[in-house]
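Residue numbers (the numbering used here), protein chains in the order written: chain A, 1 to 444; chain B, 1001 to 1217. In this text, a Cβ means the ideal position worked out from N, Cα and C, and glycines have one as well. Right, one structure below, let's go through it.
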Amino acid sequence: MNAQMASLHDFRNTLHGLGDNLGIEDMPDEERVSRAKKTFLRKLDGRKAVDLDTCLQCGMCAEACHFFEATQDERYSPVYKFRPLRRFYRREMSPMRWLYRPFTRDIGVEDFEEWQHLVYDACTGCGRCDMMCPMGINISTLIRVMREGLAAAGYMPPELQALRNEQRDQNTLFGVGKEQLKALVDKLRTENVNVPLDREQADVMLLTTAVEVSLFPDALAASARILNKTGVDWTIRSNAFEAANVGLISGDDPTLNLAIKRIVEEAKSCGVKTLLLPESGHAYQAMRWEAANEMGEALSFDVLSMPEYMSSEIQAGRIKLKAQSNGASVTYHDPCRLSRKSGVMQQPRDVLAALGLDIRETDANGRENYCCGGGCGEYVLKSATSLRQKAFEIKRREFDETGADAVVTGCANCRINLLIGADNSGWQTPVKSLVETVAASLAD
Amino acid sequence: MTLLEFASGPALQWSLWIFVFGVTWRIVGAVFLMAKKDLSRARHKKNLSDGVRTMLSRSIPAHAFEKRIRFQHISGYAWHLALFVSVLFFAPHILFFESLLGFSWPHLPNTIILFTAAIATGVLIALLIRRATHHVQRFISNADDYISIVVVLVPLITGILAFAHIGGRYETLLAIHLLSVEAMFIWFPFGKLMHTAMTFPSRYQAGTSFGRRGVKA
């Protein structure tokens, strides 16, 4: 067993006990319904109303969903996953509510019980259905509102509750806080990798994640080596280093806002010009697209992902690479929230091309890419274990068809899920990080 | 007042009023919910072209999806094209539209219209059967899905019967055809036939929201 798989097993052991002391949050049923309705009311706007009013119920979205494809279970049709939200809209908000109300059942606790599985276990919010819908409906956004409604009603799965509580109350994740980060930074220093921690002012503020610190420290080391190579003035701030946002993936708005606020305030106090996100799709989504709206004002700095940063630095000649000449082939796994939801698709491919690698695309790639099966926090959910593995098998088939020597991805959570899938099924193809791949080929 | 006089007089007038008022009410009602301004920095700022591109591009499924939805894709085109030709290029229909709009356009020969109406009817019946039997469609369907198919199917069938003079006096068949069309006008704003008015706005907003993130949706 190599060191990475040993670390993965340790990490999986951590996941086993996550949330074991938690269950459905305690509150009266009326309170649950009231909270869900208030959330739906707050989240439904004109755009979502147009989407809800346009849906033909054609069911084509099912064909885009990896969970439906893997199981053929009609409950996993994306259109069905937002059914209670649609009923709420028709009863309470639609211009035709006076007509629909007598014919439309009100939402209730029994809905929350059924839909907890459908929107947490059976949806990673990957948004592939958004690309399929002939009506142009943003289906994954509607399902996200369902998650938010269920979270408000106390139906967040225990594993996500545990992580949400930890991030909200202790500003740590998986037990990783500033002490663990400092310990890693000290260790990296002994390996001649300098991580400038807690500089008061810097042009670039790099975020990392608890997952990088505990499971993929090489990724943080790689980011540091790349940044040091460019000569940029950068730092990591131990008060706000965590890029992962459990609020976003669990549907808990206050935590989404809190985690964003910690980072934005820290970045402002450092006078940064660029906030640099590590390999995490959802973290990029939170900071690149949601932070300004959560803060109520435009951000005073740029937000970039590592693939974007590396691509522009290679282009500018500030990063020089030793091109590989051994004919090695790779396939790139697009993290959904970095690619389909954020437009970072060409940059990682440019980086891989600059390395001289033979890039072999999966049949579905870029905006049509299949999710790894464990996005949006799904990889921590014990109730989703079997479903997640079935979705992984779709990815595995696509990867195998390329015949590539390795899979490279730009998201640590995708990497974890692919490694777990590989571990479960004995799949041998290496799954690599893009930053680590680049750092391994930095020219002197 | 004969049945035909009723169908072509007050029934037509009222059904059109309900149609126009209902469609307007539903569109205005949804749009008036508004959406907050997005404060994030756009990657791509060509809102109009992004929106228009998606209005068109969603008519052709992407490669990765096409093979999985071939039946819906082909039947969708066959149904809509056959319906539009039958409705818009049948000589008596054009006379009707001229009485409403004040202008007309060339018509197609009756044999072609009969052919397209038969195609539209056949495809719609196939879609109805699929909705009732396909495990996903049957599971997700509600009354609106079936009513909306039936209120479009009946005018097609009554139109073909009136055209072919089958099943009764021509005046009676024509009156029934008109009444069935009026039933469709009345149902239109309340059910999913509204997609006719909502599809392009919905596609446009998908194009702009993904476009500002640099994704060609």
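Open item on the list: I'd like the ranges of any alpha helix (DSSP H) spanning at least 4 consecutive residues and lying wholly in the segment 1004-1086 of chain B.
Closed with: DSSP runs (the alpha helix (DSSP H)) wholly in the segment 1004-1086 of chain B: 1010-1031, 1047-1057 and 1063-1066.
- [ ] Measuring only between beta-carbons, confirm whether LEU1048 of chain B sits less than 8 Å from chain A.
- [x] Stepping through the second sequence from its first residue, residue 1048 of chain B is reached at position 48. So no, LEU1048 of chain B is outside the interface.
- [ ] Can you pull the chain A residues whose beta carbon is under 8 Å from the beta carbon of SER1209 of chain B, in chain order?
- [x] Counted from its first residue, the second sequence places residue 1209 of chain B at position 209. For SER1209 of chain B, the chain A residues whose Cβ falls inside 8 Å of its Cβ are ARG47 and ASN138, in order along the chain.
Task: Close-in-space but distant-in-sequence residues of the same chain around ILE24 of chain A (CB under 8 Å, 5 per side omitted) - done: On the first sequence, position 24 is the one that residue 24 of chain A refers to. Hits under 8 Å: GLY154 and TYR155.
Task: Contacts of ALA1035 of chain B in chain A (Cβ-Cβ under 7 Å) - done: Here residue 1035 of chain B is taken as the residue at index 35 of the second sequence, counted from 1. Annotation: Cβ neighbours of ALA1035 of chain B in chain A (cutoff 7 Å, chain order): ASP45, GLY46 and ARG47.
TODO: Work out the CA separation of THR39 of chain A and ARG105 of chain A for me, nearest whole Å.
DONE: Counted from its first residue, the first sequence places residue 105 of chain A at position 105. Counted from its first residue, the first sequence places residue 39 of chain A at position 39. Each residue's Cα considered, the two are about 18 Å apart.
- [ ] Under 6 Å Cβ to Cβ from ILE1186 of chain B, same chain only, skipping five residues before and after it: list those, please.
- [x] As a working note, residue 1186 of chain B is residue 186 in the second sequence. If we look at ILE1186 of chain B and ignore the five residues flanking it on each side, its Cβ neighbours are SER1015 and ILE1018.
Open item on the list: Can you tell me which residues form a DSSP beta bridge with TYR332 of chain A?
Closed with: Taking the first residue of the first sequence as position 1, residue 332 of chain A is located at position 332. Residue pairing by DSSP places TYR332 of chain A opposite A:VAL408 in a beta bridge.
Open item on the list: Ignoring anything shorter than 3 residues, give me the beta strand (DSSP E) runs that lie fully in the segment 200-256 of chain A, in order along the chain.
Closed with: Here the runs fully enclosed are 204-206.
Task: chain B contact residues for GLY343 of chain A, given Cβ-Cβ distances below 7 Å - done: Translated into the one-based positions of the first sequence, residue 343 of chain A becomes position 343. Those within 7 Å of GLY343 of chain A in chain B are ARG1043, ARG1213, GLY1214 and VAL1215.
- [ ] Starting from the C-beta of CYS123 of chain A, find all residues in its chain whose C-beta is less than 6 Å away, skip the five residues before and the five after it, and write them out in chain order.
- [x] In the first sequence, residue 123 of chain A corresponds to position 123, counting from 1. If we look at CYS123 of chain A and ignore the five residues flanking it on each side, its Cβ neighbours are LYS81 and ILE143.
Open item on the list: When you compare the CB positions of VAL211 of chain A and ALA412 of chain A, do they come within less than 8 Å of one another, or not?
Closed with: The residue given as residue 211 of chain A occupies position 211 in the first sequence. The residue given as residue 412 of chain A occupies position 412 in the first sequence. Against a cut-off of 8 Å, the Cβ pair of ALA412 of chain A and VAL211 of chain A comes out as a contact.
TODO: Identify the contact partners of MET60 of chain A in chain B, using a Cβ-Cβ distance below 7 Å as the criterion.
DONE: Against the first sequence, residue 60 of chain A aligns to sequence position 60. Within chain B, the residues whose beta carbon sits less than 7 Å from that of MET60 of chain A are ILE1069 and GLN1072, listed in sequence order.
Task: Own chain partners of GLY403 of chain A with C-beta closer than 8 Å, once the 5 adjacent residues on each side are dropped - done: The residue given as residue 403 of chain A occupies position 403 in the first sequence. Hits under 8 Å: SER329 and ARG360.
Open item on the list: Using a 10 Å radius around the Cβ and a threshold of 16 neighbouring Cβ atoms, would you call GLN1219 of chain B buried or exposed?
Closed with: There is simply no residue 1219 of chain B to check, as chain B begins at 1001 and stops at 1217 in what is shown.
Task: Partner residues on chain A for VAL1023 of chain B, Cβ-Cβ distance less than 9 Å - done: Your numbering for residue 1023 of chain B matches position 23 in the second sequence. Residues of chain A with a Cβ closer than 9 Å to the Cβ of VAL1023 of chain B do not exist, since the nearest Cβ in that chain sits about 11 Å away.
TODO: Tell me, please, whether the CB atom of SER425 of chain A is closer than 8 Å to any CB atom in chain B?
DONE: Position 425 of the first sequence holds residue 425 of chain A. It does not: the Cβ of SER425 of chain A has no partner Cβ on chain B nearer than 8 Å.
TODO: Can you pull the chain B residues whose beta carbon is under 7 Å from the beta carbon of ALA445 of chain A, in chain order?
DONE: Here chain A has residues from 1 to 444 only, and residue 445 of chain A is not among them.
Open item on the list: Could you check whether the segment 167-175 of chain A touches the segment 254-266 of chain A, counting it as contact only if at least three pairs of C-beta atoms, one from each stretch, sit closer than 8 Å?
Closed with: With a cut-off of 8 Å, the segment 254-266 of chain A and the segment 167-175 of chain A count as touching, because enough Cβ pairs lie within range.
- [ ] Look at the alpha carbon of LEU299 of chain A and the alpha carbon of ALA364 of chain A, and state the distance between them as a whole number of angstroms.
- [x] Position 299 of the first sequence, counted from the start, is the residue given in the question as residue 299 of chain A. Position 364 of the first sequence, counted from the start, is the residue given in the question as residue 364 of chain A. Using only the alpha carbons, I get a separation of about 34 Å.
TODO: Take GLY1029 of chain B as the anchor and find which of A:ARG35, A:ASP53 and A:THR14 has the nearest alpha-carbon.
DONE: By 1-based counting over the second sequence, the position of residue 1029 of chain B is 29. If we check each option's Cα against that of GLY1029 of chain B, A:ASP53 comes out closest.
Task: Collapsed DSSP secondary structure at ILE1125 of chain B in the structure displayed - done: The residue labelled residue 1125 of chain B in the question sits at position 125 within the second sequence. Residue state for ILE1125 of chain B is assigned as helix, using DSSP reduced to three classes.
Open item on the list: Helix, strand or coil, according to DSSP, for ILE1119 of chain B in the structure here?
Closed with: Reading the second sequence from its first residue, position 119 is the one you call residue 1119 of chain B. In this structure, ILE1119 of chain B counts as helix in the three-state DSSP scheme.
Open item on the list: I'd like to know whether the C-beta atoms of MET27 of chain A and PRO84 of chain A end up nearer to each other than 8 Å.
Closed with: As a first step, residue 27 of chain A is located in the first sequence; it is residue number 27 there, counting from the start. As a first step, residue 84 of chain A is located in the first sequence; it is residue number 84 there, counting from the start. Not in contact: MET27 of chain A and PRO84 of chain A (Cβ atoms no closer than 8 Å).
Open item on the list: Please list, in chain order, the residues of the segment 1132-1149 of chain B that have any C-beta partner in chain A closer than 7 Å.
Closed with: Within the segment 1132-1149 of chain B, those residues whose Cβ lies closer than 7 Å to any Cβ of chain A are, in chain order, HIS1135, VAL1136, GLN1137, PHE1139, ILE1140, SER1141 and ASP1145.
TODO: My understanding is that LEU1127 of chain B touches SER1075 of chain B, with C-beta atoms under 8 Å, so please give their C-beta distance in whole angstroms.
DONE: Within the second sequence, numbered from 1, the residue matching residue 1127 of chain B stands at position 127. Within the second sequence, numbered from 1, the residue matching residue 1075 of chain B stands at position 75. At roughly 6 Å, the Cβ-Cβ gap stays under 8 Å, so LEU1127 of chain B and SER1075 of chain B are in contact.
TODO: Report yes or no: is there a C-beta of chain B within less than 8 Å of the C-beta of MET132 of chain A?
DONE: As a working note, residue 132 of chain A is residue 132 in the first sequence. It does: the Cβ of MET132 of chain A has a partner Cβ on chain B nearer than 8 Å.
Open item on the list: Residues of chain B with CB closer than 8 Å to the CB of LEU99 of chain A, please, in chain order.
Closed with: Taking the first sequence and counting its residues from 1, the one referred to as residue 99 of chain A is at position 99. Neighbours of LEU99 of chain A on chain B, chain order: PHE1190.
- [ ] Give the DSSP-derived three-state secondary structure of SER433 of chain A in the structure shown.
- [x] Translated into positions along the first sequence, residue 433 of chain A becomes position 433. Reduced to three states, the DSSP call for SER433 of chain A is strand.
Open item on the list: Using C-beta distances below 7 Å, list every residue in its chain close to GLU148 of chain A, excluding the 5 sequence neighbours before and after it, in chain order.
Closed with: Locating residue 148 of chain A in the first sequence gives position 148, where the first residue counts as 1. So the list reads THR39, LYS43, GLY251 and ASP253, once near-sequence residues are dropped.
Task: Listed by chain order, chain A residues near ALA1064 of chain B by CB distance under 7 Å - done: Residue 1064 of chain B sits at position 64 when you count from the first residue of the second sequence. Within 7 Å Cβ-Cβ: ASP363, ALA364 and GLU368.
Task: C-beta neighbour in chain A for HIS1219 of chain B, strict 8 Å - done: Residue 1219 of chain B is absent from the model: chain B starts at 1001 and stops at 1217.
Task: Nearest residue (CA-CA) to ALA267 of chain A, options A:GLN201, A:TYR284, A:LEU227 and A:ASN228 - done: Here residue 267 of chain A refers to the residue found at position 267 when the first sequence is read from its first residue. Here the closest residue by C-alpha is A:GLN201.
Task: Contacting residues, own chain, Cβ-Cβ under 8 Å from MET93 of chain A (five flanking each side not counted) - done: As a first step, residue 93 of chain A is located in the first sequence; it is residue number 93 there, counting from the start. For MET93 of chain A, where only same-chain residues beyond five positions count, the Cβ hits under 8 Å are LEU41, LEU44 and ALA49.
Open item on the list: Against chain B, does ASP253 of chain A count as a neighbour if the rule is that its beta carbon must be under 8 Å from one of theirs?
Closed with: Here residue 253 of chain A refers to the residue found at position 253 when the first sequence is read from its first residue. Chain B contact via Cβ: absent.
TODO: Inspect the CB distances between the segment 1116-1123 of chain B and the segment 1190-1201 of chain B and report whether three or more fall short of 8 Å.
DONE: The segment 1116-1123 of chain B vs the segment 1190-1201 of chain B: no contact.
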